[in-house]
Structure formats: C-alpha cells, structure tokens
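Colleague: After the structure tokens below, expect a handful of questions from me.
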Amino acid sequence: MALSYKARRRWSLVILLVGLPAYIVAAVTVMNILGRPPIWVELGVYIGLGIVWALPFKFVFRGVGKADPDAPGDQSE
14 MALSYKARRR WSLVILLVGL PAYIVAAVTV MNILGRPPIW VELGVYIGLG
64 IVWALPFKFV FRGVGKADPD APGDQSE
C-alpha cells in the first residue's frame, strides 16, 4: 500500500519531531545502563544507531523534499 505525498509529508514530520527525540533518549538511556565504554566505542555506537534509526522509514522520506507530483502543474500553453 503506497502512501500519498501528503501522508508521507505528515508522517515524516511525526517521525522527526516525536520519533527521533524518543529514539535519542532511548539510545542514551541504554548506553548509560550498560556502562560507559571507551569514547571511540561510544562514538561508533552512536553513529551506528544514527544510521540504523532511519532505515525502516526510508520509504516515508523518499521524495518528500520535492514538489507534489500529484499537484496540478504550471501548464502554460
């Protein structure tokens, strides 16, 4: 089931404004519970988690920054 352009824009905003901060808090909490590893290991984990969070939402973000493909264009003839 494909999402419309407007639905993808709305979901991308929800993911960025609600989901990403919640994911950051969860990642920091888990790292603090596990103990503080060396800084290079911690940096690698945060970089990895920063990439991994977006993979499931790749289809939502695709094409959101472009113009609406379903909108009536500027057809001057």
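Per my numbering, the very first residue in the sequence shown carries number 14; after that it's consecutive. Each residue gets a CB set at the ideal place from its N, CA and C atoms; glycine is no exception. None of the values given here were measured: they were computed from a predicted structure.
Within 10 angstroms of the Cβ of Pro85, are there 16 or more other Cβ atoms? Answer buried if so, exposed if not.
Modeller: The residue you call residue 85 lines up with position 72 of the sequence shown. Per the 10 Å Cβ criterion, exposed.
Colleague: Buried or exposed for Val27, please, with buried defined as at least 16 other CB atoms from any protein chain shown within 10 angstroms of its CB.
Modeller: Here residue 27 refers to the residue found at position 14 of the sequence shown. Val27 is exposed by the Cβ-count criterion.
Colleague: Let me know the beta strand (DSSP E) ranges lying completely inside the segment 60-86, each 3 residues or longer, listed in chain order.
Modeller: Runs of the beta strand (DSSP E) inside the segment 60-86: none found.
Colleague: Is the CB-CB distance between Ser96 and Val73 below 8 Å?
Modeller: For residue 96 there is no data in the structure shown, the boundaries of the chain being 14 and 90.
Colleague: Quick one: any contact between the segment 43-60 and the segment 68-83, if contact means 3 or more CB pairs under 8 Å?
Modeller: No contact exists between the segment 43-60 and the segment 68-83.
Colleague: In terms of residues, what are the limits of the alpha helix (DSSP H) holding Leu30?
Modeller: The residue given as residue 30 occupies position 17 in the sequence shown. Counting along the chain, Leu30 falls outside any alpha helix (DSSP H), and DSSP gives it neither H nor E.
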